[in-house]
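Report on the structure given below.
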Amino acid sequence: MQTILEPQTSFSVSDAGFYGRFGGAFIPEMLYPNVEELRQNYLDMIADPGFQAEFWHLLEDFAGRPTPLFLAKRLSAQVGATVYLKREDLCHTGAHKINNTIGQILVAQRLGKKRIVAETGAGQHGVATATVCALMGLECIVYMGSVDIERQQPNVDRMRMLGAEVRPATSGSQTLKDATNEAMRHWINNPVDTHYIIGSVVGPHPYPDMVARFQSVISEEIRKQLLVKTGRENPDYVVACVGGGSNAAGAFYHYLHEPSVRLVAVEAAGLGVTSGHSAATTALGKPGVLHGSRTILMQTEDGQVTEPYSISAGLDYPGIGPLHAHLFESGRGDFYAITDDDAIEAGFNLSKLEGIIPAIETAHALAALPLMNLQPDDVVVVCLSGRGDKDLSTYSKYL
5 MQTILEPQTS FSVSDAGFYG RFGGAFIPEM LYPNVEELRQ NYLDMIADPG FQAEFWHLLE
65 DFAGRPTPLF LAKRLSAQVG ATVYLKREDL CHTGAHKINN TIGQILVAQR LGKKRIVAET
125 GAGQHGVATA TVCALMGLEC IVYMGSVDIE RQQPNVDRMR MLGAEVRPAT SGSQTLKDAT
185 NEAMRHWINN PVDTHYIIGS VVGPHPYPDM VARFQSVISE EIRKQLLVKT GRENPDYVVA
245 CVGGGSNAAG AFYHYLHEPS VRLVAVEAAG LGVTSGHSAA TTALGKPGVL HGSRTILMQT
305 EDGQVTEPYS ISAGLDYPGI GPLHAHLFES GRGDFYAITD DDAIEAGFNL SKLEGIIPAI
365 ETAHALAALP LMNLQPDDVV VVCLSGRGDK DLSTYSKYL
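Quick note on the working numbering: the sequence shown kicks off at 5 and runs consecutively.
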């Protein structure tokens, strides 16, 4: 295998699928044909004018893009800087996840696949996958941790209403990691007719790059919208929550090589970084291999994956995508860890200040704003990755 090191100044994926020393495709032999078929074809497919035309048509007429860039005046006054919210919560299905599932369903069709398998944590990716499968008439199987099925029941009902089969993952912590394990096993056993729609910038190459490309519509729109609103394309900060990190990758994408823009990634500290009940990967993790790529993950001394914890199902993951691992190690990204209680407080705060109930995942990003030493002339864009409807039962416990 070729060297996995590349200059720390590059934040684009290498030909071998690495960001710095993170990434690659560490997969069982049985999975190699699937991943290699995808790797050999995805860039040409995405670049094809016919693909692009269909992708953008569906983003506009089905998903509802472009999403607004909203000036949050009362929140801005509170934190002492100009804060814009990129309203991914207004996408069809309620989150940014639909951007990626539209792109991947078009790839699956061009590969001749008839069945889709996916994993989901908070349920937003599962709903988005079930949605595009219904649109295109493909069979859909979604694996979801048993714990997450309980705490995200409205999204489970949505998936089933859309025609998807929701299968519980009952091993380990019964959350996102375990759902991913089960989805990968299913794919290994059904390699010919099935495409695995991974929901985040994780997994073996080319998934982290492919998902980031589909989600890059977020930062592409931010640049255009911010130019109209402020006369400048570049904010001082882009802030996003990170579990695996797809909304963050999309929000950061067009700013990766713009050093004047600070990229702020916010992880879940759970009950506290050192509490033993946390998902703060960069604070607690070290390099290793998880779900087919080399990244930073929480693990024991002998390399066993540590069970993560977060009140937020979408951030309850023991690793981060390899791009984010590279951003952390290189210092290009600023990483914060936010506790359950602070995230809930930030969710209520935005609801009362701006009339927007955010997903608890997004609330973690909002909770980082007071910690960032913002100045009055700073322009900050927060990726509001999803709406909080799915989390009302959790929020209600704090009312």
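Backbone N, C-alpha and C fix where the C-beta goes; we use that ideal spot for every residue, glycine too.
{"Item": "According to DSSP, simplified to helix, strand and coil, what is VAL17?", "Value": "coil"}
{"Item": "Check PRO212 in the structure and name its three-state DSSP category.", "Value": "helix"}
{"Item": "Could you tell me the alpha carbon to alpha carbon distance between GLY84 and LEU378, rounded to whole angstroms?", "Value": "7 Å"}
{"Item": "Near SER177, which residues of its chain fall below 6 Å by C-beta distance, leaving aside the five closest residues on each side in sequence?", "Value": "GLU311"}
{"Item": "Please identify the residue among GLY337, ARG171, TYR321 whose C-alpha is closest to the C-alpha of ASP240.", "Value": "GLY337"}
{"Item": "Please report the Cβ distance between ALA389 and ALA363, rounded to the nearest whole angstrom; I am assuming they are in contact, meaning their Cβ atoms lie under 8 Å.", "Value": "The identity of residue 389 in the sequence shown is Ser, whereas the question assumes Ala. That belief holds up - the Cβ atoms of SER389 and ALA363 are roughly 6 Å apart, short of 8 Å."}
{"Item": "Mark THR278 as exposed unless 16 or more other C-beta atoms lie within 10 angstroms of its C-beta, in which case mark it buried.", "Value": "exposed"}
{"Item": "Within the same chain, show all residues whose beta-carbon is closer than 7 Å to that of VAL205, passing over the 5 residues directly before and after it, in chain order.", "Value": "PRO212, VAL215, ALA216, GLY248, GLY249, SER250, ALA253, GLY325, LEU327"}
{"Item": "Go to GLY149, then tell me how far its alpha helix (DSSP H) extends in each direction, as first and last residue.", "Value": "Not the alpha helix (DSSP H): GLY149 falls in the beta strand (DSSP E), residues 143-149."}
{"Item": "Spell out the partners DSSP gives ASP338 in its beta bridges.", "Value": "VAL268"}
{"Item": "DSSP on PRO70, reduced to helix/strand/coil?", "Value": "coil"}
{"Item": "When the distance is taken between beta carbons, is ILE342 closer than 8 Å to ALA272?", "Value": "yes"}
{"Item": "Under 8 Å, do LEU357 and CYS245 count as touching if we go by C-beta distance?", "Value": "no"}
{"Item": "If distances are taken between C-alpha atoms only, which option among VAL383, CYS387, ASP381, GLY359 comes closest to ALA369?", "Value": "CYS387"}
{"Item": "So, for ALA168: in the same chain, excluding its five sequence neighbours on each side, which residues have a beta-carbon less than 6 Å away from its beta-carbon?", "Value": "ALA134, CYS144, VAL146"}
{"Item": "What are the partner residues of CYS387, as DSSP defines its beta bridges?", "Value": "LYS90"}
{"Item": "Kindly give me the distance between the Cβ atoms of LEU73 and GLN229, rounded to whole angstroms, as I take these residues to be in contact under 8 Å.", "Value": "4 Å"}
{"Item": "Given this structure, state the Cα-to-Cα distance separating ILE222 from ASN159, to the nearest angstrom.", "Value": "23 Å"}
{"Item": "Skipping 5 residues on each side, what residues in its chain have a beta carbon closer than 7 Å to that of GLY107?", "Value": "PHE59, PHE218"}
{"Item": "Roughly how many whole angstroms lie between the Cα atoms of ASN185 and PRO172?", "Value": "12 Å"}
{"Item": "Could you say which of LEU180, ILE120, ILE360 lies nearest to TYR321 if we only look at CA atoms?", "Value": "LEU180"}
{"Item": "Would you decide whether PRO210 is buried or exposed? Buried here means 16 or more other CB atoms lie within 10 Å of its CB.", "Value": "buried"}
{"Item": "Along the chain, where does the beta strand (DSSP E) that runs through HIS190 open and close?", "Value": "First-last for HIS190: 180-193, but that is the alpha helix (DSSP H), not the beta strand (DSSP E)."}
{"Item": "If we call anything under 8 Å between Cβ atoms a contact, is TYR88 one with VAL385?", "Value": "yes"}
{"Item": "Using DSSP with H/G/I as helix, E/B as strand and the rest coil, what is GLU41?", "Value": "helix"}
{"Item": "Do you know how far the Cα of SER14 is from the Cα of LEU63?", "Value": "29 Å"}
{"Item": "Using the C-alpha atoms, what's the distance from VAL151 back to VAL170?", "Value": "13 Å"}
{"Item": "May I ask you to report which of helix, strand or coil DSSP gives VAL243?", "Value": "strand"}
{"Item": "State the Cα-Cα distance for the pair LYS394 and GLN156, rounded to the nearest angstrom.", "Value": "6 Å"}
{"Item": "Starting from the C-beta of ARG164, find all residues in its chain whose C-beta is less than 7 Å away, skip the five residues before and the five after it, and write them out in chain order.", "Value": "VAL170"}
{"Item": "Between the C-alpha atoms of GLU123 and MET188, what's the straight-line distance to the nearest angstrom?", "Value": "9 Å"}
{"Item": "With a floor of 4 residues, list each alpha helix (DSSP H) that falls wholly inside the region 306-374, ordered by position along the chain.", "Value": "326-334, 344-358, 364-371"}
{"Item": "So LEU35 and ILE192 are supposed to be a Cβ contact under 8 Å. How far apart are they, rounded?", "Value": "5 Å"}
{"Item": "What three-state label does DSSP hand THR198 in the structure shown?", "Value": "strand"}
{"Item": "Could you tell me the distance, in whole angstroms, from the CA atom of ASN103 to the CA atom of THR97?", "Value": "10 Å"}
{"Item": "Using a Cβ-Cβ cutoff of less than 6 Å, which residues in the same chain neighbour ILE202 once the five nearest sequence positions on both sides are dropped?", "Value": "TYR211"}
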